[in-house]
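Colleague: Take this structure first; my questions come after.
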Amino acid sequence: MSDDGKLAALDARLRGLIGRLDARPGFEERVMARVAALAAHAGADPADLRAQFERRRELARRRLARDAWTHGFTIAGIGIAAAALVWRFAPEIRRWALATDADAVIDPLRLGGYCAVVLLLVLWPILRRLPGLRNL
Amino acid sequence: MPADDAIVPLIQAGRAEEAFERLMPAYRRRVIGLAYSILRDRAAAEDLAQEVFVKLWQALPRYDGRARLSTWIYAITRNAAISALRSRRRSVSMSDPAVFEEVESREAAPESGDEAAALWRQVETLPERQRQAVILYYQDERTVEEVAEMLGMPVNTVKTHLHRARASLAAAFGKAGREVA
Chain A
1262 MSDDGKLAAL DARLRGLIGR LDARPGFEER VMARVAALAA HAGADPADLR AQFERRRELA
1322 RRRLARDAWT HGFTIAGIGI AAAALVWRFA PEIRRWALAT DADAVIDPLR LGGYCAVVLL
1382 LVLWPILRRL PGLRNL
Chain B
145 MPADDAIVPL IQAGRAEEAF ERLMPAYRRR VIGLAYSILR DRAAAEDLAQ EVFVKLWQAL
205 PRYDGRARLS TWIYAITRNA AISALRSRRR SVSMSDPAVF EEVESREAAP ESGDEAAALW
265 RQVETLPERQ RQAVILYYQD ERTVEEVAEM LGMPVNTVKT HLHRARASLA AAFGKAGREV
325 A
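Shown next, in the form of structure tokens:
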């Protein structure tokens, strides 16, 4: 098949495939139902609206707290696993440190800086959720 | 957009609800297509399209006719889709069921046959702008000018994206054909 023929065949297949992209049946009815609900809402009692707003805010707060706990446990788990590994290989680490004169190789200040950066990166997703930092 | 000629006078005459009833069927596929081309998820695109039409219903009485109606609707859709995409990227983690739903919906996207599925996968792997141009161009055999208006891009840029996309899809399918043979 010529290049033009191949492109024409490709065009036809793309039209056949992408041409089906549409909403599920009943889309317009669903939109109109939402519009009607909104119109009804506009005339609703302000106290009800405030109660709904408070309830939504409470649900969002609970979800954020749950996420923070989950992330906290994950980080703690990783920390415990790292500590266990250091504990398990302590003799090897001590031997390596003595053999290489690690004090000379590793600058304690720089090591502390690296640890702080890693900790900040790990905690960043949680810090971003704190009020005042959310838009960072 | 020919339907605009019938819709805009209704808005200007203060008959926004009647205008909205005409606007929705005229723009449904366009809004869905534009939302899908940005979000790459059918369910999310449909939800977003609903949001967009609700916004349009609220904003239609304030439409002042300075921009073309179609340009105004596409801008609202693009902004809503980009904002939805950003908030989804921020909030979705791998433990979120939405991730699995999205994966499932992407896998379910091609509705027939291995070839269609392979073609769909190729479209999905195109660079973002090329993919958007391809989806909007082929969804309803639109003109390049209309796709450019929908994406808010110059016509020549859309032509370039379409040209590159067709070339890479044709190359991918030539290769796949040779591998099968």
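Residue numbers (this note's numbering), protein chains in the order written: chain A, 1262 to 1397; chain B, 145 to 325. Where is the CB? At the ideal position from N, CA and C, for every residue including glycine.
#1: Using only the alpha-carbon positions, how far apart do D408(B) and A1321(A) sit?
#2: On the three-state DSSP scale, how would you describe R1285(A)?
#3: Under 8 Å, do L204(B) and A262(B) count as touching if we go by C-beta distance?
#4: Should T287(B) go down as buried or exposed, given a rule of 16 or more other Cβ atoms within 10 Å for buried?
#5: In whole angstroms, what separates the C-alpha of S227(B) from that of R1276(A)?
#6: Would you call the CB atoms of A170(B) and Y180(B) closer than 8 Å?
#7: Quick check on this structure: which residue in A163(B), R212(B) and N223(B) has the alpha carbon closest to the alpha carbon of Q202(B)?
#8: Going along chain A, which residues have a C-beta under 9 Å from A193(B)?
#9: Please classify G177(B) as buried or exposed, where buried requires at least 16 other C-beta atoms within 10 Å of its C-beta.
#10: Please list the residues of the segment 1320–1338 of chain A that have a C-beta atom closer than 7 Å to any C-beta atom in chain B, keeping them in chain order.
#11: Does I1279(A) get closer than 8 Å to chain B when you measure Cβ to Cβ?
#12: Let me know if V267(B) comes out buried or exposed under the rule of 16 or more other beta-carbons within 10 Å of its beta-carbon.
#13: Under a CB-based cut-off of 8 Å, is V1295(A) close to chain B?
#14: Out of W264(B), L192(B) and L213(B), which one is the CA nearest neighbour of S231(B)?
#15: When the distance is taken between beta carbons, is L295(B) closer than 8 Å to Q276(B)?
#16: Starting from D258(B), follow the alpha helix (DSSP H) in both directions and report where the run begins and ends.
#17: Going along chain A in order, which residues have a C-beta closer than 8 Å to the C-beta of Q283(B)?
#18: Taking only three categories from DSSP, how would you classify G1280(A)?
#19: Show which residues of chain A have a CB atom less than 7 Å away from the CB atom of I176(B).
#20: Applying a beta-carbon distance threshold of less than 9 Å, which residues of chain A neighbour A260(B)?
#21: Are there 16 or more other CB atoms within 10 angstroms of the CB of A1273(A), so buried, or fewer, so exposed?
#22: For A147(B), does the three-state DSSP call read helix, strand or coil?
#23: Distance cutoff 8 Å, beta carbons only. Does W216(B) sit that close to anything in chain A?
Modeller: So, to answer that:
#1: No statement about residue 408(B) is possible, as the shown extent of chain B runs from 145 to 325 and does not include it.
#2: In the displayed model, R1285(A) falls within coil according to three-state DSSP, outside both helix and strand.
#3: Not a contact, by the Cβ cut-off of 8 Å.
#4: Label assigned to T287(B): exposed.
#5: So the alpha carbons of these two residues sit roughly 29 Å apart.
#6: Taking a C-beta distance under 8 Å as the contact criterion, A170(B) and Y180(B) do not qualify as a contact pair.
#7: With respect to the C-alpha of Q202(B), the residue from A163(B), R212(B) and N223(B) having the closest C-alpha is A163(B).
#8: Residues of chain A passing the Cβ test: A1284, F1288 and V1292.
#9: It counts as buried.
#10: Under the 7 Å Cβ criterion, the segment 1320–1338 of chain A contributes no residue.
#11: At least one chain B Cβ lies under 8 Å of I1279(A).
#12: Answer is buried; the Cβ neighbour count reaches 16.
#13: Here residue 1295(A) turns out to be Arg, not Val, going by the sequence shown. So, interface residue.
#14: With distances taken between Cα atoms, S231(B) lies closest to L192(B).
#15: Result yes, Cβ atoms of Q276(B) and L295(B) sit closer than 8 Å.
#16: Residues D258 to T269.
#17: Near Q283(B) (Cβ distances below 8 Å), the residues of chain A are I1279, G1280 and L1282.
#18: Secondary structure at G1280(A): coil, using DSSP grouped into helix, strand and coil.
#19: Per Cβ cutoff of 7 Å: L1282, D1283 and A1284.
#20: When 9 Å is used as the limit between beta carbons, A260(B) is near these residues of chain A: R1274, G1277 and L1278, in chain order.
#21: Exposed, since its Cβ has fewer than 16 Cβ neighbours within 10 Å.
#22: Assigned with DSSP and collapsed to three states, A147(B) falls in coil, not helix or strand.
#23: Taking 8 Å as the threshold, the shortest C-beta distance from W216(B) to chain A does not fall below it.
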